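First residue of the sequence shown? That's 5 in my numbering, and the numbers climb one at a time after it. Notes follow once the structure below has been shown.
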Amino acid sequence: MATKTNRTKTRVCVNTGLFIIAAILFIVVAFCGTQRIGVYQRSMVGISDAPGLCFDSEAYEKNNHEVIQDAYPCKTEIDENGENIPADSQNDQTMFLYDRMSLVGSLTSIEIQAAIMTIGCLLSMASFIGGIIYWNHNRK
Numbered sequence: 005m006a007t008k009t010n011r012t013k014t015r016v017c018v019n020t021g022l023f024i025i026a027a028i029l030f031i032v033v034a035f036c037g038t039q040r041i042g043v044y045q046r047s048m049v050g051i052s053d054a055p056g057l058c059f060d061s062e063a064y065e066k067n068n069h070e071v072i073q074d075a076y077p078c079k080t081e082i083d084e085n086g087e088n089i090p091a092d093s094q095n096d097q098t099m100f101l102y103d104r105m106s107l108v109g110s111l112t113s114i115e116i117q118a119a120i121m122t123i124g125c126l127l128s129m130a131s132f133i134g135g136i137i138y139w140n141h142n143r144k
């Protein structure tokens, strides 16, 4: 009878330890994943003088700020008539596209970081709380 009690106590201790180890592993994996995504995010560098997107603001207001019509990449300079200069060269258009893609890449990596940390923390808390409940329920 004493042998069965010792086995039960050992089993409860081992299982509770496994719950706690799983909780630690979940949080470590989530932390390492967000660190790797942070490295990727730092490689997405924006360009400060990249051409912007120009459009007719009156038409935009008429469409209840929902649809932009006749948009085009334009340089940051303004000509003598007070109008935006279109970005006609391939270099300007490439910089415009690269700047937009780096912005989208940065925003996507932030969203993925948030999702990984949320899932990792939830799994870690569930494992830790499960270990505590298992320990309290089975100890004698």
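Every residue gets a Cβ at the ideal spot worked out from N, C-alpha and C, and that includes glycine. Since this is a predicted model, take the numbers as computed values, not measurements.
Euclidean distance between Cα positions of Leu126 and Gly21: So the two alpha carbons sit approximately 18 Å from each other.
Three CB pairs or more closer than 8 Å across the segment 35-46 and the segment 65-77: In the pairwise beta carbon analysis, the segment 35-46 is classified as not touching the segment 65-77: fewer than three pairs are separated by under 8 Å.
Residue burial classification, Ser93 (beta-carbon count within 10 angstroms, cutoff 16): It is exposed - the Cβ of Ser93 has fewer than 16 other Cβ atoms within 10 Å.
Contact between the segment 80-93 and the segment 108-117 (3+ Cβ pairs under 8 Å): The segment 80-93 and the segment 108-117 do not touch, with fewer than 3 CB-CB distances between them shorter than 8 Å.
CA-to-CA distance, Ser131 to Phe23, given in whole angstroms: Rounded to the nearest angstrom, the two C-alpha atoms are 5 Å apart.
Gly42 versus Met99 - alpha carbon distance: Going by the C-alpha atoms only, they are around 23 Å apart.
Distance between beta carbons of Asp74 and Asp83, contact taken as under 8 Å: Their Cβ separation, rounded to whole angstroms, is 18 Å, which puts Asp83 and Asp74 out of contact at 8 Å.
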